[in-house]
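Trainee: Before we start, here is the structure in question, set down as C-alpha cells.
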Amino acid sequence: MSSSTVLLSTAYLPPVPYMFILINTNRVYIEAHETYRKQTYRNRCVILSANGPIPLVIPVIRPKGNHTPITEVLIDYSTDWPRNHWRAIESAYRTSAYFEFIADILHPFYQNRFNSLWEFNGNLLKVIIDFLELLVIIDFTSHYQEITPDGVIDLRNIISPKVKDPSIVGLASPTPYFQVFEHRFGFTPNLSIIDMLFNEGLMARELLKIPKDQGKNNT
C-alpha cells in the first residue's frame, strides 16, 4: 500500500480504516468534485456507547438536490445536533484514558458553526492529523472521474457503513486496540477514529501503521 495513490471521499470523523489507509499511503487524494451521496461516512460516524455502536449523523441541506456538489452541501443547524452529538461522545468516552486531551481539540467543533460539510470535515481531519503528528499530504481532485486512472485505488465508496468487513474488499485490517465497552461487546471494528484516540491517545499513531505480518502488498 505504501507505494499507492489512493482516492478517498470526505468523511465526518473518519472510521479507523480510513485513517489506516491515509497513514500507510504515499499519496492521498480526497474527491472534491463528486455529488453528495446519502448514507455514507461523508456525514456520519459511528461510536461505541454503553448500548453498542451508534451512528452520529449530521443533517445537511442540498441546495441543488441530487446534483449538489460535495463542496456545496450545507450543514443544517435547524436542530441542535451539535449538542446531541457532543453529549453522545461525552457519554461514550468520558471514562476513557485520554478523554480530556481529545475533548479539548474536538469540543470547539460542536460549539462553533460551519457553513459547509466540506469545511467542517476538512478542519476536523486536520486537527486529528496534527494531534497525531502525521506527515500526511492530502491533495484534492481537480475534476470528477467515474473511473480512476491506472495506479489510483478508488476507495470513495469502498470505505462505507455498508461494508462491515473491509478485508473482504482487500483492505488490510488495523491492529485491534482497547475499547471502553469491549467487555460487553468484544472488539468492535470500523468505528470512528475518535474511538481509538479517546482510548489510546498518541499510541493510535503506532496502531494505525500497517502490521509487518500483513506485508506491503495489501491494498
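Positions in the sequence shown are counted from 1; adding 1345 to them yields the working numbering. Glycine is no exception: its CB is placed at the ideal position from the N, C-alpha and C atoms.
1. Determine the burial state of Tyr1438: buried for a count of at least 16 other Cβ atoms within 10 Å of its Cβ, exposed for fewer.
2. Between which two residues does the beta strand (DSSP E) containing Arg1389 stretch?
3. Residues in the same chain with beta-carbon distance under 6 Å from Tyr1489, minus the five sequence neighbours each way, listed in chain order, please.
4. Is the closest heavy atom of the ligand SAM to the C-beta of Ala1549 under 6 Å?
5. Report the residue from Asp1484, Tyr1363, Ile1450, Leu1547 whose alpha carbon sits nearest the alpha carbon of Val1391.
6. Within 10 angstroms of the Cβ of Ile1492, are there 16 or more other Cβ atoms? Answer buried if so, exposed if not.
7. One question on the structure: do Leu1358 and Ile1539 come within less than 7 Å of each other, judged by their Cβ atoms?
8. List the endpoints of the continuous alpha helix (DSSP H) containing Tyr1313.
9. Tell me the residue span of the alpha helix (DSSP H) that contains Ile1555.
10. Could you compute how far the alpha carbon of Val1402 sits from the alpha carbon of Arg1389?
11. Cutting at 8 Å between CB atoms, please list the residues of its own chain near Ser1394, excluding the five before and the five after it.
12. Going by other Cβ atoms of all chains shown within 10 Å of its Cβ, with 16 needed for buried, is Asn1466 buried or exposed?
13. When the distance is taken between beta carbons, is Val1351 closer than 7 Å to Ile1498?
14. Buried or exposed: where does Asn1535 fall if 16 or more other Cβ atoms within 10 Å of its Cβ makes it buried?
15. Entirely within the segment 1441-1494 and at least 3 residues each: give me those beta strand (DSSP E) ranges in chain order.
16. Straight-line CA distance for Ser1423 to Asn1371?
17. Mind checking whether Ile1368 and Thr1355 have CB atoms under 7 Å apart?
18. With H, G and I counted as helix, E and B as strand and the rest as coil, what does DSSP make of Pro1427?
19. Look at Thr1416 and Trp1463 and say whether their C-beta atoms are less than 7 Å apart.
20. With 16 other CB atoms within 10 Å as the buried threshold, where does Phe1365 fall?
Mentor: Quick look at the numbers:
1. For the purposes of this step, residue 1438 is taken as the residue at position 93 of the sequence shown. Tyr1438 comes out buried.
2. The residue given as residue 1389 occupies position 44 in the sequence shown. Taken as a continuous stretch (DSSP letters only), the beta strand (DSSP E) holding Arg1389 covers 1389-1394.
3. For this step, residue 1489 is matched to residue 144 along the sequence shown. Answer for Tyr1489: His1378, Glu1379, listed in chain order.
4. The ligand SAM is not part of this structure, which contains no ligands at all.
5. Translated into positions along the sequence shown, residue 1391 becomes position 46. The shortest Cα separation from Val1391 among Asp1484, Tyr1363, Ile1450, Leu1547 belongs to Tyr1363.
6. The residue given as residue 1492 occupies position 147 in the sequence shown. Looking at its Cβ environment, which holds fewer than 16 other Cβ atoms inside 10 Å, Ile1492 is exposed.
7. Taking the first residue of the sequence shown as position 1, residue 1358 is located at position 13. Taking the first residue of the sequence shown as position 1, residue 1539 is located at position 194. Cβ atoms of Leu1358 and Ile1539: closer than 7 Å.
8. Outside the displayed range of the chain (1346 to 1564) lies residue 1313, so it cannot be described from this structure.
9. As a position in the sequence shown, residue 1555 is number 210, starting the count at 1. Here Ile1555 belongs to no alpha helix (DSSP H), and DSSP marks it neither H nor E.
10. Position 57 of the sequence shown, counted from the start, is the residue given in the question as residue 1402. Position 44 of the sequence shown, counted from the start, is the residue given in the question as residue 1389. Near 4 Å, if we compare the C-alpha coordinates of Arg1389 and Val1402.
11. For the purposes of this step, residue 1394 is identified with residue 49 of the sequence shown, where counting begins at 1. Cβ neighbours of Ser1394 beyond the five flanking positions: Ala1433, Ser1436, Ala1437, Phe1526.
12. Counting from 1 along the sequence shown, the entry for residue 1466 is found at position 121. So Asn1466 counts as buried.
13. Start at 1 with the first residue of the sequence shown, and residue 1498 comes out as number 153. Start at 1 with the first residue of the sequence shown, and residue 1351 comes out as number 6. Yes.
14. Residue 1535 sits at position 190 when you count from the first residue of the sequence shown. So Asn1535 ends up on the buried side.
15. 1483-1485
16. For the purposes of this step, residue 1423 is identified with residue 78 of the sequence shown, where counting begins at 1. For the purposes of this step, residue 1371 is identified with residue 26 of the sequence shown, where counting begins at 1. Distance between the alpha carbons of Ser1423 and Asn1371 is about 40 Å.
17. By one-based count along the sequence shown, residue 1368 stands at place 23. By one-based count along the sequence shown, residue 1355 stands at place 10. No, the Cβ-Cβ distance between Ile1368 and Thr1355 is not below 7 Å.
18. Counted from its first residue, the sequence shown places residue 1427 at position 82. Looking at Pro1427 - three-state DSSP - the assignment turns out to be helix.
19. The sequence position of residue 1416 within the sequence shown is 71, counting from 1. The sequence position of residue 1463 within the sequence shown is 118, counting from 1. Cβ distance < 7 Å, so Thr1416 and Trp1463 count as in contact.
20. On the sequence shown, position 20 is the one that residue 1365 refers to. Under this definition Phe1365 is a buried residue.
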